[in-house]
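In full-length UniProt numbering, the protein residues as written are 1 to 167. This report concerns only the one structure given below.
What follows is the structure, encoded as structure tokens:
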């Protein structure tokens, strides 16, 4: 099973649309853990998700318990991104079937979700900064997970043979 992104009670439709667009582009599934802070619909996600939403692999869960049961049923690790985490992203070791979990934009993730996570990871930043936009953070973490597990959609170009042709 490939990596997945999960969004815990997201608040902002534009961020969710952006994450779903990214997930579709990379062929990664996305779990939405309700309730959301907006009406979860194609219409609310359309602007950021553009025409990629139809290609996104979305699984909705009624609540945390339903999501947790699903993750446990498939024996998947939950990797929580949190500004309060102790493991810096460059030191995190991803497995090919991990679920990268993002907390809500306004509240993050509650203590029970932190306790359940198999690993809690933060993205190192300059001193004095608290956090990144959730869609940006999801992209950074997913990119690192895909790199480590060699799950990018296209095979990497061997070192020494790279060029800017086609960029």
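All C-beta atoms in this analysis are idealised placements derived from N, C-alpha and C, irrespective of residue type, glycine included.
Per-residue burial, residue i [other beta carbons within 10 Å of its own, 16 or more giving buried]
| i | result |
| --- | --- |
| residue 54 | exposed |
| residue 69 | exposed |
| residue 96 | exposed |
| residue 65 | exposed |
| residue 36 | buried |
| residue 91 | exposed |
| residue 15 | buried |
| residue 9 | buried |
| residue 145 | buried |
Which residues DSSP lists as bridging residue i, in chain order
| i | result |
| --- | --- |
| residue 59 | 31 |
| residue 197 | Here the chain covers residues 1 to 167 and nothing more, so residue 197 does not appear. |
| residue 104 | 108 |
| residue 6 | 31 and 101 |
| residue 79 | 100 and 119 |
Beta-carbon proximity of residue i to residue j, cut-off 8 Å
| i | j | result |
| --- | --- | --- |
| residue 82 | residue 114 | yes |
| residue 123 | residue 4 | no |
| residue 63 | residue 33 | yes |
| residue 13 | residue 56 | no |
| residue 142 | residue 117 | no |
| residue 149 | residue 94 | yes |
| residue 22 | residue 139 | yes |
| residue 136 | residue 105 | no |
| residue 17 | residue 153 | no |
Residue i, DSSP secondary structure in three states
| i | result |
| --- | --- |
| residue 90 | helix |
| residue 147 | helix |
| residue 116 | helix |
| residue 11 | coil |
| residue 22 | helix |
| residue 67 | helix |
Expected contact under 8 Å - CB spacing of residue i and residue j to nearest Å
| i | j | result |
| --- | --- | --- |
| residue 112 | residue 103 | The pair is not a contact, with the Cβ atoms about 12 Å apart (cut-off 8 Å). |
| residue 79 | residue 121 | 6 Å |
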